[in-house]
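J.: Pasting in a structure now, in structure tokens, and then I'll have a few things to ask.
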Amino acid sequence: MTELYTAFTLFLSLLVEALPFLLLGVLLSSALLFFIDERQLVAKMPRNPLLGALFGSCAGFLFPVCECGNVPVARRLLTQGAPTSVAIGFLLAAPTINPIVMWSTWAAFPHQPGMVFWRILFSLIIATIVGCVFSFQKDPWPLMQPDLAKRVMNQRANQTSTSSALWTKPDPLPTLLQSGTFLLGEGSEPVRLDDAATGAVALPYQKAFQRFSRHRVRLFLNNIVQEMRELGAMLVLGSATAAAIQVLAPRELVLSLGQGPVTSILAMMLLAALVSICSTVDAFFVLAFASTFTTGSLLAFLVFGPMIDIKAIGLMISIFKPKVILYLFAIAAQLTLILTLSYSYFF
Amino acid sequence: MKTFKRVRLQWRSHPLWSRYISPLGKMYLNVVPWLDILTMLAWGVLFLKYFVIGRLQLLIHPNYFALVLVAGIVLVVLAGVNTWNQLAEKQGKIPPLTAAETQHLTLFPPGIGTGLLLIVALSGFIIPPKILASDAALQRGLSETLPYTRTEAQTFYSAIKPEERSLLDWVRTFNAYPEPDAYRGQPANVTGFVVHSPTLSNEYILISRFVITCCAVDAYPVGLPVKLPPGTPRYEQDIWLEIQGEMSTETFGEHRQLVIAAKTIEQIPTPSNPYEF
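Chains H and Z are the protein sequences, given in the same order. Here the numbering used here is used: the first residue of the first sequence is 28, the next is one more, and so on. Here the numbering used here is used: the first residue of the second sequence is -18, the next is one more, and so on.
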């Protein structure tokens, strides 16, 4: 019983520490979605794979989103014609390389500035390598989910023939009889996700440069509520897991797992894949293991977690073919293992 | 899964019943926005409450108190603005947002995520945070050395006079210069709670404190053995003591260790600020 009470206290402390950071991240990402014009951005993106991947990785400074926010953004970037390397770089590194994540990592490890530094460097390296690898595929369509690719290609074709075709619906079927992924809303027509993604339907942030209005504020608020709800729930589940492991798992087991250089890294990577905690606050989660696990393994968690986890895979299926996700997963996992192992070896 | 979704969508789209929403579903759709508002309000008020009654120090490092205060205010304001919009929408003053405008990828059904957050906030109101005690200290491994992930934090603290050093100051000083004999004879005046270490005999207790760098999750215990004056009964675990005495050294097994030889021991109430930072 006391153990349960201790676990509850730890759980609460994680939430009280992490929720303000999460709120800050959500506020900023909601605000920036309104103020950045993606189309202009896409036009300026570098086509060189190396520069592209670097650009994509650092775009986290423009869109400080964590891994669930970045999948829709990456998807829109891809469908608007961004190079593959940029999209992959963004997908993998943007959740780590952004100001709020840096701050929260610093907050969690105030005496170890190295944690922030290595976390960023490793994420950048991995995202760039994977971005370069995927850039050998010049056209992103074969990587993408067939449904999405087909629709985007059709749309492109229409777009070139008549510019107004973007706004007409070529499909005579009622929306709900068509196949595909739809967004269902309250009391209105469902919207095909791909229409939303390609801009066939005007999205809130594409009207962004219209004047400031009550309607716009409502959209902003709505985005905050939705993200807080989603990410907050993930945070609750993640914090509960961390607190439970810390209090209930036998110390001998944790120590024997956590002190081996390889086992600790593998264990933390597995944990990172299972616990889909948002990258803004995952540094607090990992604190629970700071005294029992090797620093290299903590880094592995912080680098690998934002790239690949169950939740991210669930979202990525909306962009990529399963095979592509598998490759992404495998390459990212191997690189994380190599980099963090060499960190453990040298430091 | 995808086929299932497709079938479900097609079934739902049949003209005969596509517009039909069950009464329960209608209630659900009406309740969810209010649940969101209630959840934000609950968390905001909980944060403000913790800040006002001084409970934050049981949970997180003082560096982040201000952040929690601001977050609390922002959440309450958000709840207020959303209530206002929701009411205006219900009265038909403003049109509801369309599906395209609320586009979002989600894994949880909206009610589940909100419900989870709300339940946690409410239990935060009911159950006060616990002060970590001897059981947690023993489970986390108590020692006079700092855990090795923190060893980069070494600072030479000798600028503080020995009698003014807290338990944490002693541990930090000792970590910077780990030679027990160097401190022999120095006066000690520390407070902390009692832990019975299984490796120490009956005339010793461990005087301990938890140290927090970020939040209670990373709280790590530090402690020094105290040699009780002859004839003193061994204090119960978790009792808070203020101990005055002087530093000496003892040999436990093959290990020479810094020990506080207590002269006066006073029982004190659990401080409102039990952790060191």
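For every residue, glycine included, the Cβ atom is placed at its ideal position computed from N, Cα and C.
Under the DSSP definition of a beta bridge, which residues are partnered with Z:ASN170?
T.: By 1-based counting over the second sequence, the position of residue 170 of chain Z is 189. BP columns for Z:ASN170 point to Z:GLN225.
J.: Would you mind sorting H:LEU39 into buried or exposed? The rule is 16 or more other CB atoms within 10 Å of its CB.
T.: Position 12 of the first sequence holds residue 39 of chain H. That one is buried.
J.: What does Z:ASN63 reach in chain H if we use C-beta pairs closer than 8 angstroms?
T.: Working through the second sequence from its first residue, we reach residue 63 of chain Z at position 82. What Z:ASN63 touches in chain H: LEU248, VAL252.
J.: Whole angstroms are fine: how far does the CA of Z:THR64 sit from the CA of Z:ILE18?
T.: In the second sequence, the residue the question calls residue 18 of chain Z occupies position 37. In the second sequence, the residue the question calls residue 64 of chain Z occupies position 83. Taking the straight line from one Cα to the other gives about 7 angstroms.
J.: How long is the line joining the alpha carbons of H:PHE149 and H:ALA80, rounded to whole angstroms?
T.: As a working note, residue 149 of chain H is residue 122 in the first sequence. As a working note, residue 80 of chain H is residue 53 in the first sequence. Using only the alpha carbons, I get a separation of about 14 angstroms.
J.: How many Å lie between Z:LEU39 and Z:LEU78 at the Cα?
T.: Indexing the second sequence from 1 puts residue 39 of chain Z at position 58. Indexing the second sequence from 1 puts residue 78 of chain Z at position 97. Roughly 42 angstroms between the two C-alpha positions.
J.: On the DSSP letters alone, give me the boundaries of the alpha helix (DSSP H) that Z:ALA47 sits inside.
T.: In the second sequence, counting from the first residue as 1, residue 47 of chain Z sits at position 66. Element bounds for Z:ALA47: 46 to 71.
J.: Which runs of the alpha helix (DSSP H) at least 4 residues long sit entirely within the segment 41 to 75 of chain H? Give them in chain order.
T.: Whole alpha helix (DSSP H) segments, 4+ residues: 65 to 70.
J.: From this set, H:LYS165, H:LEU175, H:LEU78, H:HIS138, which residue's C-alpha is nearest H:ARG102's C-alpha?
T.: As a working note, residue 102 of chain H is residue 75 in the first sequence. Of H:LYS165, H:LEU175, H:LEU78, H:HIS138, the residue nearest in Cα terms is H:LEU175.
J.: Grab the span of the beta strand (DSSP E) containing Z:ILE249 for me, first residue to last.
T.: As a first step, residue 249 of chain Z is located in the second sequence; it is residue number 268 there, counting from the start. Segment 236 to 249, the beta strand (DSSP E) holding Z:ILE249.
J.: Would you mind telling me which residues of chain H sit closer than 8 angstroms to Z:ASN66, beta carbon to beta carbon, in chain order?
T.: Mapped onto the second sequence, residue 66 of chain Z falls at position 85. Residues of chain H passing the Cβ test: ARG245, LEU248.
J.: Excluding the 5 residues preceding and the 5 following H:SER84 in the sequence, name in chain order all residues of the same chain whose CB lies nearer than 8 angstroms to its CB.
T.: Numbered from its first residue, the first sequence carries residue 84 of chain H at position 57. Only GLY116, PHE117, LEU119, ALA120, ALA121, ILE124, SER150, LEU151, ALA154, THR155, GLY158 meet the Cβ criterion.
J.: On the criterion of 16 or more Cβ atoms from any shown chain inside 10 Å, does Z:VAL58 qualify as buried, or is it exposed?
T.: In the second sequence, the residue the question calls residue 58 of chain Z occupies position 77. The residue in question, Z:VAL58, is exposed, as its Cβ has fewer than 16 Cβ neighbours within 10 Å.
J.: What does Z:GLN120 touch in chain H if you count any residue whose Cβ is under 8 angstroms from its own?
T.: As a first step, residue 120 of chain Z must be located in the second sequence, where it is residue number 139. Simply VAL274, ARG278.
J.: Using the rule of at least 16 other Cβ atoms within 10 Å of the residue's Cβ for burial, across every protein chain shown, is Z:TRP24 buried or exposed?
T.: Walking along the second sequence from the start, residue 24 of chain Z turns up at place 43. It counts as buried.
J.: Report the CB separation of H:ALA327 from H:THR367 in whole angstroms; it is logged as a contact under 8 angstroms.
T.: Indexing the first sequence from 1 puts residue 327 of chain H at position 300. Indexing the first sequence from 1 puts residue 367 of chain H at position 340. Contact holds; Cβ gap of about 4 angstroms.
J.: Which residue's Cα is closest to the Cα of Z:ALA102: Z:MET21, Z:ILE193, Z:ALA118, Z:ALA197?
T.: Sequence index remark: in the second sequence, residue 102 of chain Z carries index 121 (1-based). For the residues Z:MET21, Z:ILE193, Z:ALA118, Z:ALA197, the minimum Cα distance to Z:ALA102 belongs to Z:MET21.
J.: Distance check for H:THR36 and Z:PRO143, CA to CA, integer angstroms please.
T.: Numbered from 1 along the second sequence, position 162 holds the residue referred to as residue 143 of chain Z. Numbered from 1 along the first sequence, position 9 holds the residue referred to as residue 36 of chain H. About 34 angstroms.
J.: How should Z:ILE41 be labelled, buried or exposed, when 16 other C-beta atoms within 10 angstroms of its C-beta is the threshold for buried?
T.: The residue given as residue 41 of chain Z occupies position 60 in the second sequence. Buried is the call here.
J.: What does H:TYR32 reach in chain Z if we use C-beta pairs closer than 7 angstroms?
T.: Here residue 32 of chain H refers to the residue found at position 5 when the first sequence is read from its first residue. LYS111, listed in chain order.
J.: Taking the CB atoms as reference points, tell me whether H:ALA269 and H:PHE312 lie closer together than 8 angstroms.
T.: Along the first sequence, one-based indexing puts residue 269 of chain H at 242. Along the first sequence, one-based indexing puts residue 312 of chain H at 285. In contact: H:ALA269 and H:PHE312 (Cβ atoms closer than 8 angstroms).
J.: Roughly how many whole angstroms lie between the Cα atoms of Z:HIS48 and H:VAL143?
T.: Counted from its first residue, the second sequence places residue 48 of chain Z at position 67. Counted from its first residue, the first sequence places residue 143 of chain H at position 116. For clarity, residue 48 of chain Z is Leu in the given sequence; the question names His instead. Going by the C-alpha atoms only, they are around 20 angstroms apart.
J.: Taking DSSP's pairing of strands, which residues face H:MET171 in a bridge?
T.: Taking the first residue of the first sequence as 1, we reach residue 171 of chain H at position 144. Beta-bridge pairing links H:MET171 to H:PHE347.
J.: Is the beta carbon of Z:THR230 closer than 8 angstroms to that of Z:ASP162?
T.: As a working mapping, residue 162 of chain Z is identified with position 181 in the second sequence. As a working mapping, residue 230 of chain Z is identified with position 249 in the second sequence. Contact flag set, yes.
J.: For chain Z, find out if any of its Cβ atoms is closer than 8 angstroms to the Cβ of H:ALA176; answer yes or no.
T.: Working through the first sequence from its first residue, we reach residue 176 of chain H at position 149. H:ALA176 does not count as touching chain Z.
J.: Is it the case that the Cβ atoms of H:ALA359 and H:SER303 are separated by a distance below 8 angstroms?
T.: On the first sequence, position 332 is the one that residue 359 of chain H refers to. On the first sequence, position 276 is the one that residue 303 of chain H refers to. No, the pair does not count as a contact, with Cβ atoms beyond the cut-off.
J.: Can you grab the Cα-Cα spacing for the pair H:ASN97 / Z:VAL13, in whole Å?
T.: Within the first sequence, numbered from 1, the residue matching residue 97 of chain H stands at position 70. Within the second sequence, numbered from 1, the residue matching residue 13 of chain Z stands at position 32. For H:ASN97 and Z:VAL13, the distance between alpha carbons rounds to 25 angstroms.
J.: Quick check: the Cα distance between H:ARG170 and H:SER112, rounded to an integer number of angstroms?
T.: Here residue 170 of chain H refers to the residue found at position 143 of the first sequence. Here residue 112 of chain H refers to the residue found at position 85 of the first sequence. Per the sequence shown, residue 170 of chain H should be read as Leu rather than Arg. Rounded to whole angstroms, H:LEU170 to H:SER112 spans 12 angstroms at the Cα level.
J.: Given that a residue counts as buried once 16 or more other Cβ atoms are within 10 Å of its Cβ, and exposed if not, what is H:THR225?
T.: Indexing the first sequence from 1 puts residue 225 of chain H at position 198. Caution is warranted here: a pLDDT of 46 is assigned to H:THR225, below 50, making its placement in the model unreliable, and no coordinate value can be reported.
J.: Can you say whether H:ILE127 is buried or exposed, counting buried as having 16 or more other CB atoms within 10 angstroms of its CB?
T.: Residue numbering aside, residue 127 of chain H sits at position 100 when the first sequence is read from its first letter. Buried: at least 16 other Cβ atoms inside 10 Å.
J.: What is the DSSP secondary structure of H:VAL143, counted as helix, strand or coil?
T.: Numbered from its first residue, the first sequence carries residue 143 of chain H at position 116. Here H:VAL143 sits in helix by DSSP.
J.: In terms of residue numbering, what span does the alpha helix (DSSP H) encompassing Z:LYS7 cover?
T.: If you number the second sequence from 1, residue 7 of chain Z lands on position 26. 4 to 33 is the span of the alpha helix (DSSP H), which, as asked, contains Z:LYS7.
J.: Interface residues of chain H around Z:ASP199 at Cβ under 8 angstroms?
T.: Here the question's residue 199 of chain Z lines up with position 218 in the second sequence. Here the neighbours are ALA135, LEU314, ALA315, ALA317, SER318.
J.: Could you check where the alpha helix (DSSP H) with H:PHE331 kicks off and where it finishes?
T.: Numbered from its first residue, the first sequence carries residue 331 of chain H at position 304. From DSSP, the alpha helix (DSSP H) with H:PHE331 extends over 322 to 334.
J.: In chain order, what residues of the same chain lie with their CB nearer than 6 angstroms to the CB of Z:ARG131, ignoring the 5 residues before and after it?
T.: As a position in the second sequence, residue 131 of chain Z is number 150, starting the count at 1. The pLDDT assigned to Z:ARG131 is 45, lower than 50, so where the model puts this residue is not dependable, and the model offers no usable value.
J.: Please check if any C-beta of chain Z sits within less than 8 angstroms of the C-beta of H:PRO11.
T.: In the structure as shown, chain H begins at 28 and stops at 374. Residue 11 of chain H is therefore absent and cannot be evaluated.
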